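Each remark here refers to the structure printed beneath this line.
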Amino acid sequence: MKEKICIIGQSGGPTAVINASLYYLVKEAKNAGFNKIYGMFYGIEGLLQEKIIRLDFLLDCGKLDKIVNRPSSFLGSCRFKLNSFKDKSNLICILEKLYITDMFYIGGNDSMDTILQLSLCAREFGSKINFIGIPKTIDNDLIGTYYCPGYLSACKYILTSLEEIYLDSNVYDDKSVTIVELMGRDTGWLAASASLLNTAEQKKVDLIYLPEIAFDLKYFIANIKKLLKHKKHLLVVVSEGIKDEFGNLYSLPQNECEDSFGHNTNTGCGNVLRKYIQKELSIKAKSIELGILQRCAGHIQSEVDIINTQKFAHKAIELSLDNESGVFVGSYIDDNSQLKLNKVDISLVANKTKKVPTDWIDSKNGQISEDYIKYINKIFTYKRLYD
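FYI, the numbering for the sequence shown is 741 to 1127, going by my numbering.
Rendered as structure tokens:
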């Protein structure tokens, strides 16, 4: 076999299992006979400064084993938009100088744009480097995937937290509304998971709102009023990205900044709704943001997530051995309800977003349909802790 030398990067927001993806990718590459395995510190931004490390050395001495259950990004990360021809050509030159045959990038939507740009640039330059994307995002919003590693660990943390918040919010005799704001700038996959806490016998989460459908304050207050006639304490879950009918964020000040990919860095819709409830209904209301804990709760990783990071890593190495480039490790459910992995053209994934189907959402009444439950039950089971 021709000498194989690869480099691996982690990009975008971390997850509780992104380091498991890294570990198993290094291990699979080593088992496949790769001669050298590099890591890039701080994604392509660090690679432009030639900040690299030999990951195979760390694997050989046992230092890499400890990262499997460690959250955050072991190699560091970046949110760097690869726009200029100069940056693209410099990256190709750096990779060629290291005799890299394969570059693996673990990331989300924007990271896959990096894979797309570099694979196109390499083709233009006549470079034979393979560029392969591996999914990572708690948002679960990558096209070409049934689910993304990291999502289930985030769901597990969210569901556990919501159960405990539910119990705490029922402590006092006065009527109250507790709003829990979850991550989800453009999609509501995380918020939808809250529906797993509801059964025919008991509803722990009363209202759930996702950004896929416009949020209407009138219906929201009407639902609160109606529910408070039968319950003293309400628990409401909202995605941070909820918008009105004109596309305006409930949480975003007029002068809010955007990141390098043009995404609003919005939070705070829970507080907007809290103030509105207090003003309209004159009752006790509180807002809780779970924030970055959703993506870094390593103590509550999903075992399914961990198992699947190894499968995704194995498939990525398989694609590299087939000399595939400009591709992404996708996933789907087969006829036997088993998760299968496949090759997806990166152009179908980069800068695109997989939304929660709108027919799964009853925004007027703040409810999620059984379709989501059927979807998630094929890959994940959550046992309520405090029944």
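For glycine and all other residues, C-beta sits at the position ideal for the given N, C-alpha and C. These numbers were taken from a predicted model, which means no experiment stands behind them.
Return the bridge partner residues of Pro-1097 from the DSSP annotation. By one-based count along the sequence shown, residue 1097 stands at place 357. DSSP lists no partner for Pro-1097.
Indicate the three-state DSSP secondary structure (helix, strand or coil) for Ile-748 in the structure shown. Along the sequence shown, one-based indexing puts residue 748 at 8. Ile-748 falls in the strand class under three-state DSSP.
Give the range of the alpha helix (DSSP H) segment to which Phe-1052 is assigned. Within the sequence shown, the letter at position 312 stands for residue 1052. Its alpha helix (DSSP H) spans residues 1043-1061.
Let me check understanding here. Comparing Cα to Cα, which of Gly-1106, Gly-783, Ile-840 and Ile-745 lies closest to Lys-821? For the purposes of this step, residue 821 is identified with residue 81 of the sequence shown, where counting begins at 1. The option with the nearest alpha carbon to Lys-821 is Gly-783.
Beta-carbon gap between Leu-1059 and Lys-1083 smaller than 7 Å: Numbered from its first residue, the sequence shown carries residue 1059 at position 319. Numbered from its first residue, the sequence shown carries residue 1083 at position 343. In contact: Leu-1059 and Lys-1083 (Cβ atoms closer than 7 Å).
What are the start and end residues of each continuous alpha helix (DSSP H) run of 4 or more residues lying completely inside the stretch 919-990, in chain order? 929-932 and 957-968
Please state whether DSSP places Glu-790 in a helix, a strand or coil. Against the sequence shown, residue 790 aligns to sequence position 50. If DSSP states are grouped into helix, strand and coil, Glu-790 belongs with coil.
Ranges of the beta strand (DSSP E) found wholly within the stretch 851-899, counting only runs of at least 3: 870-875
Rounded separation between Ile-874 and Thr-854 - CA only: Taking the first residue of the sequence shown as 1, we reach residue 874 at position 134. Taking the first residue of the sequence shown as 1, we reach residue 854 at position 114. C-alpha separation (whole angstroms): 12 Å.
Can we say the stretch 1071-1081 touches the stretch 911-920, given the rule of at least three CB pairs closer than 8 Å? The answer is no - the stretch 911-920 does not touch the stretch 1071-1081, with fewer than three Cβ pairs under 8 Å.
Reduced DSSP category for Ser-844 - H, G, I as helix; E, B as strand; rest coil: Counted from its first residue, the sequence shown places residue 844 at position 104. The amino acid occupying residue 844 in the given sequence is Phe; Ser does not appear at that position. Three-state DSSP puts Phe-844 in a strand.
Top-ranked residue by Cα proximity to Ile-1040, from Ser-901, Asn-1076 and Tyr-778: Residue numbering aside, residue 1040 sits at position 300 when the sequence shown is read from its first letter. The shortest C-alpha separation from Ile-1040 is found at Ser-901.
If you run the structure through DSSP and keep just helix, strand and coil, what is Asp-1127? To locate residue 1127, count along the sequence shown from 1; it is residue 387. Collapsing the DSSP output to three states places Asp-1127 in coil.
I want to know whether the stretch 968-979 touches the stretch 1028-1039 - three or more CB-CB distances under 8 Å. no
Which one of Ser-916, Thr-1098, Asn-849 and Val-1067 has the shortest CA to CA distance from Gln-1018? Within the sequence shown, numbered from 1, the residue matching residue 1018 stands at position 278. The option with the nearest alpha carbon to Gln-1018 is Ser-916.
With a 10 Å radius around its C-beta and 16 neighbouring C-beta atoms as the bar for buried, classify Leu-1125 as buried or exposed. Numbered from its first residue, the sequence shown carries residue 1125 at position 385. Leu-1125 comes out exposed.
Rounded to a whole number of angstroms, what is the C-alpha to C-alpha distance between Asp-946 and Asp-1045? For the purposes of this step, residue 946 is taken as residue 206 along the sequence shown, with counting starting at 1. For the purposes of this step, residue 1045 is taken as residue 305 along the sequence shown, with counting starting at 1. Whole-angstrom Cα-Cα distance: 28 Å.
How do the stretch 750-759 and the stretch 793-803 stand: do at least 3 beta-carbon pairs fall below 8 Å, yes or no? They do not touch, by the three-pair rule.
Could you tell me which residues DSSP pairs with Glu-1110 in its beta bridges? Within the sequence shown, numbered from 1, the residue matching residue 1110 stands at position 370. Glu-1110 is not bridged to any residue.
Does the structure place the stretch 1090-1097 close enough to the stretch 860-869 that three or more beta carbon pairs sit under 8 Å? No, because fewer than three Cβ pairs between the stretch 860-869 and the stretch 1090-1097 fall closer than 8 Å, the two stretches do not touch.
Going by C-alpha to C-alpha distance, which of Cys-888, Met-843 and Asn-849 sits closest to Ile-869? Walking along the sequence shown from the start, residue 869 turns up at place 129. Looking at the Cα atoms, Met-843 is the closest of the given residues.
Which of helix, strand or coil does DSSP assign to Lys-1092? The residue labelled residue 1092 in the question sits at position 352 within the sequence shown. Three-state DSSP puts Lys-1092 in coil, outside helix and strand.
Using 7 Å as the threshold, is the C-beta distance between Lys-727 and Thr-755 below it? There is simply no residue 727 to check, as the chain begins at 741 and stops at 1127 in what is shown.
Drop a sphere of 10 angstroms on the beta-carbon of Thr-1121, count the other beta-carbons inside from all chains shown, and report buried for 16 or more, exposed for fewer. Your numbering for residue 1121 matches position 381 in the sequence shown. Label assigned to Thr-1121: exposed.
Which of the three DSSP states is assigned to Val-1084 in this structure? Here residue 1084 corresponds to residue number 344 of the sequence shown, with the count starting at 1. Of the three classes helix, strand and coil, the one that applies to Val-1084 here is strand, per DSSP.
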